[in-house]
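Protein sequence lines correspond, in order, to chains E and V. Take the first sequence: its position 306, counting from 1, is numbered 305 in numbering that gives the first Met the number 0, and each next residue is one higher. Take the second sequence: its position 91, counting from 1, is numbered 90 in numbering that gives the first Met the number 0, and each next residue is one higher.
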Amino acid sequence: MAAEAQLSFSAPQPGTEAARLDAEAVRRDFPILASSVNGQPLVYLDSAASAQRPLAVLRAVDAYETHSHANVHRGVHALSQAATAAFEGARERVRRFVNARSTREIIFVRGTTEAINLVAQAYARPRFGPGDEILITALEHHANIVPWQMVCEQTGCTLKVAPINRRGELELEEFLRLLSPRTRLVAVAHVSNALGTVLPLARLVEAAHAHGAVVLVDGAQAVPHSRVDVRALGADFYCFSGHKLYGPTGIGVLYGREELLTAMPPWQGGGDMILTVSFDKTTYNDLPWKFEAGTPNISGAVGLAAAMDYVESLGIERIAAHEQRLLALTSAELARLPDIELVGTAAHKAAVVSFVMKGVHAHDLGTILDANGVAIRTGHHCAMPVMTFFGVPATARASFGCYNTEGDVGVLVSALERARQVFR
Amino acid sequence: MDLKELYRDVILDHNRHPRNFGRIEDADGRAEGYNPLCGDQLTLTVRLDGERIEDIRFEGKGCAISTASASLMTEAVKGRDRAAVRELFGKVHTLLTRHDAAPDGALGKLAALAGVREFPVRVKCASLCWHTLNAALGEHQPATVSTE
Chain E
0 MAAEAQLSFS APQPGTEAAR LDAEAVRRDF PILASSVNGQ PLVYLDSAAS
50 AQRPLAVLRA VDAYETHSHA NVHRGVHALS QAATAAFEGA RERVRRFVNA
100 RSTREIIFVR GTTEAINLVA QAYARPRFGP GDEILITALE HHANIVPWQM
150 VCEQTGCTLK VAPINRRGEL ELEEFLRLLS PRTRLVAVAH VSNALGTVLP
200 LARLVEAAHA HGAVVLVDGA QAVPHSRVDV RALGADFYCF SGHKLYGPTG
250 IGVLYGREEL LTAMPPWQGG GDMILTVSFD KTTYNDLPWK FEAGTPNISG
300 AVGLAAAMDY VESLGIERIA AHEQRLLALT SAELARLPDI ELVGTAAHKA
350 AVVSFVMKGV HAHDLGTILD ANGVAIRTGH HCAMPVMTFF GVPATARASF
400 GCYNTEGDVG VLVSALERAR QVFR
Chain V
0 MDLKELYRDV ILDHNRHPRN FGRIEDADGR AEGYNPLCGD QLTLTVRLDG
50 ERIEDIRFEG KGCAISTASA SLMTEAVKGR DRAAVRELFG KVHTLLTRHD
100 AAPDGALGKL AALAGVREFP VRVKCASLCW HTLNAALGEH QPATVSTE
């Protein structure tokens with residue numbers, strides 16, 4: 000399948016070893032990684048929650064704020080033109096990054112959550128009604144559950160949930176069985192944030208389209224780890240956040256097929272999203288600005304563009320191969336530890352390792368690891384249904400980025416052994 | 000930051016073997032506590048004899064700090080009246096939040112929670128059971144307490 004070939008979650012191919020990512024060199028691009036935490040060198044294993052920013056991003060944002068800031072699309076003066084050029088230049092950068100046809104398909108939003116809410120309210124809500132169905136999976140982040148529950152309350156349509164198995168993989172047959180002519184929209188994660196599972200998107204998109212449903216993909220956890228080509232994937236909507244891609248917080252992207260975006264009413268009203276306003280009639284702006292009411296996060300967009308430049312300078316395939324090596328190493332090391340149980344053991348995973356330690360609550364693990372300088376996420380990962388499915392209140396989650404090393408995995412393992420001793 | 004201060008032997012013991020664990024079927028007061036940050040969840044049931052807590056039990060799932068704190072609390076308040084419980088909660092609150100808190104003999108084994116104040120994100124783990132007890136005693140509404 001052509002679209003699957005666009006995804007690079009697999010192990011590195013033989014012969015590509017010469018092009019291995021030099022993670023030690025990469026680390027020097029991230030000033031925060033030189034910090035100490037509780038007297039220990041920082042080991043940052045929480046990139047799935049938010050990745051750190053390289054100097055290139057910090058400097059791009061700083062340069063914009065220092066030299067180019069004004070409001071966009073508003074003034075004839077030089078700074079407004081500079082700011083507009085920077086902002087619209089960032090949009091073109093994003094278009095190239097995800098291979099969209101046109102910048103009209105790239106809407107800047109606050110993040111993945113806002114992108115999904117935009118589609119829920121501007122696409123689903125005006126169209127759906129009783130008898131219509133929205134299909135999601137049991138793996139979804141709350142941000143890809145709650146906006147659809149709200150649409151169901153608002154319109155009377157029904158939410159269907161495709162189940163997962165004990166490895167944390169989507170039950171494909173069940174998913175296909177739940178598709179029907181009533182299915183108007185399928186909303187799925189590309190990669191599960193809680194477990195790291197990579198979903199077979201090409202297959203899901205193909206099946207959804209065969210039933211006439213549009214597909215929204217929550218790509219927040221996929222974009223940092225794989226090349227995403229929205230046209231090859233065939234997704235109708237694709238959402239992601241800047242801060243998981245080594246960019247700033249408060250900026251994200253909604254990609255939508257132009258035909259769908261054109262047919263949608265605006266979501267929020269205000270400045271920038273209009274062409275003319277009178278008390279009798281207001282006409283809306285063209286795409287993409289129709290969906291960007293109010294002054295946008297200009298420096299965030301600039302930072303996101305810089306982050307994309309940075310990621311492509313390292314090579315996303317090299318990053319993915321590097322992370323897959325760390326994933327394999329971590330999974331093997333943790334499997335070796337007594338009392339550790341991996342949660343989420345899908346055959347196809349991004350570099351996210353969720354686990355529990357017998358007799359030690361994830362929150363206590365988090366504190367003990369923090370005392371050793373190791374930052375991991377503990378809790379329900381905004382995926383409470385996933386926790387319920389596995390019968391745990393919370394898990395500990397180590398997640399990896401381009402700057403993590405085998406040494407980081409070693410520190411994690413020793414810190415876990417220390418936690419075991421505290422609770423012996 | 001000293002983990003030994005946080006996970007003192009008393010805390011580890013009460014986490015491993017929580018006292019008064021379970022539920023009172025004919026309870027006079029009952030409340031649920033929930034900490035969404037870490038998923039700590041507990042249900043408290045109390046039986047009263049007038050103003051006095053005759054019996055108290057808790058059940059639920061939580062981290063070592065929340066489990067031990069609930070266990071220690073049930074031991075400390077059993078047999079006391081409302082006014083004494085209010086006073087004790089005040090002392091525990093001071094213990095958990097004030098770095099300059101002087102040792103207070105009235106706390107007894109609860110003093111083992113002193114290490115929590117060095118870990119600000121864990122204070123809610125230790126105080127959840129006390130807020131839940133307040134709700135179970137009808138000291139404030141609602142009957143479900145959330146620390147977020």
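Every residue gets a Cβ at the ideal spot worked out from N, C-alpha and C, and that includes glycine.
Buried or exposed by the 16-neighbour rule on C-beta atoms within 10 Å, applied to residue i
| i | result |
| --- | --- |
| Ile-250(E) | buried |
| Gly-14(E) | Here the model assigns Gly-14(E) a pLDDT of 47, short of 50, so the residue's position is not dependable and the matter cannot be decided. |
| Asp-407(E) | buried |
| Ser-353(E) | buried |
| Glu-152(E) | exposed |
| Arg-26(E) | buried |
| Leu-6(E) | Legend: pLDDT at Leu-6(E) = 45, less than 50; position of this residue unreliable, value from coordinates given subsequently. So Leu-6(E) counts as buried. |
| Asn-37(E) | exposed |
| Ala-327(E) | exposed |
Min CB distance residue i to chain E below 7 Å
| i | result |
| --- | --- |
| Ala-134(V) | no |
| Tyr-33(V) | no |
| Ala-101(V) | no |
| Trp-129(V) | no |
| Lys-60(V) | yes |
| Ala-63(V) | yes |
| Leu-2(V) | yes |
| Leu-38(V) | Checking the displayed sequence, the identity of residue 38(V) turns out to be Gly instead of Leu. Closer than 7 Å to some Cβ of chain E, the Cβ of Gly-38(V) qualifies, so yes. |
Pairwise C-alpha distance: residue j and residue i
| i | j | result |
| --- | --- | --- |
| Leu-336(E) | Glu-405(E) | 17 Å |
| Ser-240(E) | Lys-77(V) | 51 Å |
| Leu-54(E) | Val-60(E) | 10 Å |
| Tyr-6(V) | Lys-243(E) | 34 Å |
| Thr-281(E) | Leu-177(E) | 42 Å |
| Asn-164(E) | His-321(E) | 28 Å |
| Leu-158(E) | Ile-135(E) | 7 Å |
| Ala-50(E) | Ala-306(E) | 11 Å |
| Thr-131(V) | Ala-125(V) | 11 Å |
| Gln-80(E) | Leu-215(E) | 34 Å |
| Ile-64(V) | Val-45(V) | 21 Å |
| Ala-22(E) | Leu-136(V) | 57 Å |
| Val-276(E) | Pro-384(E) | 45 Å |
| Pro-199(E) | His-189(E) | 8 Å |
| Glu-53(V) | Leu-43(V) | 14 Å |
Test item: CB-CB of residue i and residue j under 7 Å
| i | j | result |
| --- | --- | --- |
| Phe-437(E) | Gly-255(E) | No statement about residue 437(E) is possible, as the shown extent of chain E runs from 0 to 423 and does not include it. |
| Lys-108(V) | Leu-47(V) | no |
| Asn-14(V) | Thr-93(V) | no |
| Asp-271(E) | Asn-98(E) | no |
| Gly-155(E) | Pro-129(E) | yes |
| Ala-361(E) | His-379(E) | no |
| Val-252(E) | Ala-85(E) | no |
| Leu-303(E) | Gly-246(E) | yes |
| Gly-233(E) | Val-213(E) | no |
| Ala-161(E) | Glu-173(E) | yes |
| Leu-20(E) | Arg-226(E) | no |
| Ile-149(V) | Arg-56(V) | In the structure displayed, chain V extends from 0 to 147; residue 149(V) sits before or after that span and is not available. |
| Ser-398(E) | Ser-46(E) | yes |
| Ala-395(E) | Ile-367(E) | no |
| Gly-114(V) | Glu-4(V) | yes |
Beta bridge counterpart(s) of residue i as assigned by DSSP
| i | result |
| --- | --- |
| Leu-34(V) | Looking at the sequence itself, residue 34(V) is Asn, so the reference to Leu does not match. Looking at the DSSP assignment, Asn-34(V) forms a beta bridge with Asp-39(V). |
| Cys-238(E) | Asp-217(E) and Leu-253(E) |
| Lys-60(V) | Gln-40(V) |
| Ser-312(E) | Answer is none; Ser-312(E) lacks a bridge partner. |
| Tyr-43(E) | Ala-374(E) |
| Ala-397(E) | Val-352(E) |
| Glu-132(E) | Thr-157(E) and Thr-182(E) |
| Arg-46(V) | Asp-54(V) |
| Arg-90(E) | Partner(s): none; Arg-90(E) has no beta bridge. |
| Ser-35(E) | Pro-40(E) |
Beta carbon proximity, residue i to chain V, threshold 7 Å
| i | result |
| --- | --- |
| Val-187(E) | no |
| Gly-378(E) | yes |
| Val-421(E) | yes |
| Ala-142(E) | no |
| Asp-271(E) | no |
| Ala-393(E) | yes |
| Ala-370(E) | yes |
| Asp-338(E) | no |
| His-362(E) | yes |
Any chain A beta carbon closer than 7 Å to residue i
| i | result |
| --- | --- |
| Asp-12(V) | The structure shown contains no chain A; its protein chains are E and V. |
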